[in-house]
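Chemist: Please read through the structure below; I'll follow up with questions.
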């Protein structure tokens, strides 16, 4: 589920309880909070019920014997998080595998159960926002899976497929830094005294009060697009630039920083809605995304074909359908062997003249 999937319907129900939880916890976006407020205004009975549950939740949170996290885990299947030991290369930092939130609990439970989850979610959100992370954590998604998470300071993250986000030790207590491998969209809670920074693939992206998208994939460099506010991009090799809303910057593998003022578009965040978009993308970029989204390895068996660029958009297509479109767009054929797909130039058929 993406960040934009949380907006409740102004005129119909039931609402999105996660959006209400963020609204009550003071963590929803302006548009989202406006929608929730409009829904509550149109449903005064529901609003009063939530108010009563909220008061009960406040009293519950004051009791030290109540484990709010444990209670939420039991009733809110969406927030199931499994902690497993990491490999030695991660210095035993716990890795938290994340899966796409499952909405099944909404179908199985009634209105009041869902409302109770909202109250518990508010309590947990407030507790997490106020409690720094003493130990580093690594959040990881599987191939083809996106997820949303909230950092202790209230900063929201949409983590892309096959991506990892690592927090620094003591995150939220003086330092707000994360390390990213892959793709993520950030809605940062601005704090001038504690700047939020993302380290990835030879660059540091620092918040100046903003929402922005980061893609860091080693050999392909780093791409940053800004939706709101501004960010500062600093490269390890000395490049330094401030991006405003609508700007797009690409830090190439060789260290060159290319800035396109007003070059960002909605396509840069389309992946948060499950849409995979390529705009004149080199096949190296296509290869990385296909690996993350479909778990396949793309092999291009021709140097001329490998130099081509792809413009295409996908959403909910099967793996076979995706490669049919790619082959057609590039003038190629493809062969599949397990998790490896090979592209070859399409053979030319010469028709005799009549």
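Numbering (my numbering), first residue to last: 3 to 356. Glycine included, every Cβ here is placed at the ideal spot set by N, Cα and C.
(1) In the DSSP assignment, find the alpha helix (DSSP H) that holds residue 328 and state where it starts and stops.
(2) DSSP three-state call for residue 160: helix, strand or coil?
(3) Report the option in 171, 267 and 238 whose CA atom is closest to the CA atom of residue 254.
(4) In angstroms with no decimal places, state the Cα-to-Cα distance between residue 266 and residue 227.
(5) Go to residue 291, then tell me how far its alpha helix (DSSP H) extends in each direction, as first and last residue.
(6) Could you tell me the alpha carbon to alpha carbon distance between residue 172 and residue 156, rounded to whole angstroms?
(7) Figure out for me which residue from 242, 140, 277 and 309 has the closest Cα to the Cα of residue 296.
(8) Within 8 Å, do at least three Cβ pairs link the segment 321-336 to the segment 178-190?
(9) In terms of residue numbering, what span does the alpha helix (DSSP H) encompassing residue 305 cover?
(10) State the Cα-Cα distance for the pair residue 283 and residue 143, rounded to the nearest angstrom.
(11) Is residue 290 closer than 8 Å to residue 225 when the C-beta atoms are compared?
(12) For residue 338, count the other beta carbons within 10 Å of its own beta carbon; 16 or more makes it buried, fewer makes it exposed. Which is it?
(13) Apart from the five residues just before and just after residue 230, which ones in its own chain have a Cβ nearer than 6 Å to its Cβ?
(14) Specify the secondary structure class of residue 205 as computed by DSSP and reduced to three states.
(15) Tell me residue 237's beta-bridge partners as DSSP assigns them.
(16) Taking the straight line between their C-alpha atoms, what separation do you get for residue 386 and residue 323?
(17) Measure the alpha-carbon distance for residue 242 versus residue 198 and round it to whole angstroms.
(18) Taking DSSP as the reference, what is the three-state secondary structure of residue 137?
(19) For residue 193, tell me which candidate among 176, 168, 319 and 204 has the shortest Cα-Cα distance.
(20) How many Å lie between residue 38 and residue 21 at the Cα?
Modeler: This is what the structure gives:
(1) 321-332
(2) strand
(3) 238
(4) Near 6 Å, if we compare the C-alpha coordinates of residue 227 and residue 266.
(5) 285-296
(6) 15 Å
(7) 277
(8) no
(9) 305-308
(10) So the two alpha carbons sit approximately 24 Å from each other.
(11) no
(12) exposed
(13) 212, 213 and 247
(14) strand
(15) 205
(16) Nothing about residue 386 can be read from this structure; the chain reaches only from 3 to 356.
(17) 17 Å
(18) DSSP places residue 137 in coil when its eight states are reduced to three.
(19) 176
(20) 7 Å
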